[in-house]
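Peer 1: In our numbering, the protein residues as written are 67 to 536. Where a beta carbon is used, it is the ideal one built from N, C-alpha and C, also for glycine.
Spelled out as structure tokens, the structure:
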């Protein structure tokens, strides 16, 4: 055996010994405990790594192998527990500032494919007509099958003016199709407002960022007169964001009481409450909150708190159902571990996880269309559709999903509205607020949402509202 080969073998043996000793020191530390089977499997892992280093057909990058092992370990957990490489972690931090270069897509992983949740209004993706439920099959020719979510985000971002080609699959279309998008600096203001019917304040929160509550307060002051007439808080397609901002936004509409609790391993670890309002004005104006399958995480916390405390009427379709809490641990090399540590619960003790928020009034997004029920269902992606998700309480008990809280308003029952159908129905409820309060038990801080008024009286009430909007 020549000297070079002996040197390589010696290096491999030394590397193997260092690895084993390193692993031994970890597993024997006070903070780390393994069963006998765990020790045996860890030994197998070290041997596999050694054989790959020694025998694989081409030389391998040790760092790439070990990072891949970390990702593989986390993939057996829920879809929100992930390893973030230094580049991806940097991109994640850019999200909360609200300004980044890209195409404007909210994405998730479904059935191993990168899948569109929604396109951000006004962005290249939105203008190109990319829809919720579209599968992103390739990015610049590279397959996204089993691609890490962070890597997909990174691939679609880039310098302003540069182009990215995305290959999409859509339910109902036999062949994939391609779109070429020109990246823009995505200025993603989290809050905007406008006046509806010259009377009501409409507030759209796209995500919960660093200044969301501050901007919301300014808008509430600016439109104080319209606030007293009634507010529509639109959380549709809001994927969440900063938890503290979601809690602070809830506090703007509540004058006390629990907003959200978090539990880990069946034990409560945190409880957030609203600060009492000294002048008592927070609960004196009508409030309707809009949600849909794109409303997730912090937006579900807001909707759940306002629903349970009887502060607002929740209208739209069932929300996404991301009721888990993630903590980000920054690692020495600039990478990070995002790990699920707890579950969210609404003030009444409801788990959001894989259940979401069921609206008081279920209103579809538009009047009847040519799309079939199968396509409609395909386009609605929720937490329970994600592989490996933490099971909700209903799933764990193998019970049927909770019934909807009230009658579904079918578009055919109301005269077709111009523009935003759900928003128009919300205005109808504001116009008839005294009846809304009575029918849905609003104003009761201990309210527990339940099926409300079936039959003639309820139907008549809905018809009255619909007719007034025509």
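(1) So, for residue 389: in the same chain, excluding its five sequence neighbours on each side, which residues have a beta-carbon less than 6 Å away from its beta-carbon?
(2) Give me the Cβ distance between residue 247 and residue 230, rounded to the nearest whole Å; I'm assuming they're in contact under 8 Å.
(3) Helix, strand or coil: which one does DSSP assign to residue 418?
(4) What is the DSSP secondary structure of residue 483, reduced to helix, strand or coil?
(5) Taking the alpha helix (DSSP H) that residue 11 belongs to, which residues open and close that run?
(6) For residue 402, which residues of its own chain have a beta-carbon under 7 Å away from its beta-carbon, when the five flanking residues on both sides are left out?
(7) Can you tell me the Cβ-Cβ gap for residue 268 and residue 300, rounded? I've got them flagged as a contact below 8 Å.
(8) Can you give, in chain order, each stretch of the alpha helix (DSSP H) that sits fully within the stretch 308-346 and has at least 4 residues?
(9) Do you know how far the Cα of residue 324 is from the Cα of residue 352?
(10) Going by alpha carbons, who is nearest to residue 250 out of 226, 257, 256 and 235?
(11) From residue 183 to residue 120, what does the alpha carbon distance come to, in whole angstroms?
(12) Given that a residue counts as buried once 16 or more other Cβ atoms are within 10 Å of its Cβ, and exposed if not, what is residue 342?
(13) Identify every residue that forms a DSSP beta bridge with residue 179.
(14) Report the residue from 255, 253, 133 and 313 whose alpha carbon sits nearest the alpha carbon of residue 399.
(15) Among 216, 209 and 253, which residue has its Cα nearest to the Cα of residue 232?
(16) Note down the Cα distance separating residue 357 from residue 489, rounded to an integer number of angstroms.
(17) Measure the CB-CB distance between residue 147 and residue 404 and report whether it falls below 9 Å.
(18) Between 282, 499 and 336, which lies nearest to residue 316 when the distance is taken from Cα to Cα?
(19) Counting only runs that start and end within the stretch 222-266, where is the alpha helix (DSSP H) found for 4 or more residues in a row?
(20) Indicate the three-state DSSP secondary structure (helix, strand or coil) for residue 270 in the structure shown.
(21) Could you tell me if the beta carbon of residue 126 falls within a distance shorter than 8 Å of some heavy atom in the ligand ADP?
(22) State the DSSP-derived secondary structure class of residue 108, mapped to helix, strand or coil.
(23) For residue 370 and residue 413, what's the separation of their Cα atoms in angstroms?
(24) In whole angstroms, give me the CA-to-CA distance for residue 506 and residue 367.
(25) Pull up the distance between the alpha-carbon of residue 192 and that of residue 130, whole angstroms please.
(26) In the DSSP output, which residue or residues are listed as bridge partners for residue 410?
(27) Nearest CA to the CA of residue 259: which residue from 243, 293 and 375?
(28) Quick one: Cα of residue 349 to Cα of residue 107, how far?
(29) Return the bridge partner residues of residue 217 from the DSSP annotation.
(30) Roughly how many whole angstroms lie between the Cα atoms of residue 219 and residue 510?
(31) Is DSSP giving residue 300 helix, strand or coil here?
(32) Locate the alpha helix (DSSP H) running through residue 423, then write down its first and last residues.
(33) Would you list the residues sitting across from residue 493 in a DSSP beta bridge?
(34) Residue 380 and residue 431: beta carbons closer than 9 Å?
(35) If distances are taken between C-alpha atoms only, which option among 206, 221 and 457 comes closest to residue 243?
(36) Where does the unbroken alpha helix (DSSP H) through residue 503 begin, and where does it stop?
Peer 2: For this structure:
(1) On the chain shown, residue 389 is found 323 positions in, with the first residue counted as 1. Taken in chain order, the residues that qualify are 409, 410, 417, 418 and 419.
(2) Start at 1 with the first residue of the chain shown, and residue 247 comes out as number 181. Start at 1 with the first residue of the chain shown, and residue 230 comes out as number 164. Yes, they are in contact, since the Cβ atoms of residue 247 and residue 230 sit about 6 Å apart, within 8 Å.
(3) As a working note, residue 418 is residue 352 in the chain shown. Three-state DSSP puts residue 418 in coil, outside helix and strand.
(4) The count along the chain shown starts at 1 and reaches residue 483 at position 417. Residue confidence is low: residue 483 scores 34 on pLDDT, short of 50, so the model does not pin down where it sits. No coordinate-derived value is stated.
(5) The question about residue 11 has no answer, for the chain in this structure spans 67 to 536.
(6) Residue numbering aside, residue 402 sits at position 336 when the chain shown is read from its first letter. Excluding sequence neighbours, residue 402 sits near 150, 155, 394, 395 and 396.
(7) Your numbering for residue 268 matches position 202 in the chain shown. Your numbering for residue 300 matches position 234 in the chain shown. So it is a contact: roughly 7 Å between Cβ atoms.
(8) 309-317
(9) Taking the chain shown and counting its residues from 1, the one referred to as residue 352 is at position 286. Taking the chain shown and counting its residues from 1, the one referred to as residue 324 is at position 258. Looking at the two C-alpha atoms, the distance is approximately 20 Å.
(10) Taking the first residue of the chain shown as position 1, residue 250 is located at position 184. The residue with the shortest Cα to Cα distance from residue 250 is 226.
(11) The residue given as residue 183 occupies position 117 in the chain shown. The residue given as residue 120 occupies position 54 in the chain shown. Those two C-alpha atoms are separated by around 43 Å.
(12) Start at 1 with the first residue of the chain shown, and residue 342 comes out as number 276. By the 10 Å Cβ count, residue 342 comes out exposed.
(13) Residue 179 sits at position 113 when you count from the first residue of the chain shown. BP columns for residue 179 point to 176.
(14) Here residue 399 corresponds to residue number 333 of the chain shown, with the count starting at 1. The option with the nearest alpha carbon to residue 399 is 133.
(15) Looking up residue 232 in the chain shown gives position 166. The option with the nearest alpha carbon to residue 232 is 209.
(16) Counting from 1 along the chain shown, the entry for residue 357 is found at position 291. Counting from 1 along the chain shown, the entry for residue 489 is found at position 423. Cα to Cα, the separation comes out at about 11 Å.
(17) Numbered from 1 along the chain shown, position 81 holds the residue referred to as residue 147. Numbered from 1 along the chain shown, position 338 holds the residue referred to as residue 404. Against a cut-off of 9 Å, the Cβ pair of residue 404 and residue 147 comes out as a contact.
(18) Looking up residue 316 in the chain shown gives position 250. Per the Cα distances, 282.
(19) none
(20) Here the question's residue 270 lines up with position 204 in the chain shown. Looking at residue 270 - three-state DSSP - the assignment turns out to be strand.
(21) Summarising the ligand content, the structure contains no ligands, and the ligand ADP is consequently not present.
(22) Stepping through the chain shown from its first residue, residue 108 is reached at position 42. DSSP places residue 108 in helix when its eight states are reduced to three.
(23) Stepping through the chain shown from its first residue, residue 370 is reached at position 304. Stepping through the chain shown from its first residue, residue 413 is reached at position 347. Distance between the alpha carbons of residue 370 and residue 413: 8 Å.
(24) The residue given as residue 506 occupies position 440 in the chain shown. The residue given as residue 367 occupies position 301 in the chain shown. Approximately 20 Å, taken between the alpha carbons.
(25) As a working note, residue 192 is residue 126 in the chain shown. As a working note, residue 130 is residue 64 in the chain shown. The alpha-carbon atoms of residue 192 and residue 130 are separated by roughly 35 Å.
(26) If you number the chain shown from 1, residue 410 lands on position 344. Partner(s): 328.
(27) The sequence position of residue 259 within the chain shown is 193, counting from 1. Cα-wise, what sits closest to residue 259 is 293.
(28) By 1-based counting over the chain shown, the position of residue 349 is 283. By 1-based counting over the chain shown, the position of residue 107 is 41. The straight-line gap from Cα to Cα measures roughly 58 Å.
(29) Stepping through the chain shown from its first residue, residue 217 is reached at position 151. Its beta-bridge partners do not exist; DSSP assigns none.
(30) As a working note, residue 219 is residue 153 in the chain shown. As a working note, residue 510 is residue 444 in the chain shown. Each residue's alpha carbon lies about 43 Å from the other.
(31) Numbered from its first residue, the chain shown carries residue 300 at position 234. Here residue 300 sits in strand by DSSP.
(32) Against the chain shown, residue 423 aligns to sequence position 357. Segment: none, residue 423 is in no alpha helix (DSSP H) and carries neither H nor E.
(33) Taking the first residue of the chain shown as 1, we reach residue 493 at position 427. Answer is none; residue 493 lacks a bridge partner.
(34) By 1-based counting over the chain shown, the position of residue 380 is 314. By 1-based counting over the chain shown, the position of residue 431 is 365. Result no, Cβ atoms of residue 380 and residue 431 do not sit closer than 9 Å.
(35) As a first step, residue 243 is located in the chain shown; it is residue number 177 there, counting from the start. Answer by Cα proximity: 206.
(36) By one-based count along the chain shown, residue 503 stands at place 437. From DSSP, the alpha helix (DSSP H) with residue 503 extends over 499-506.
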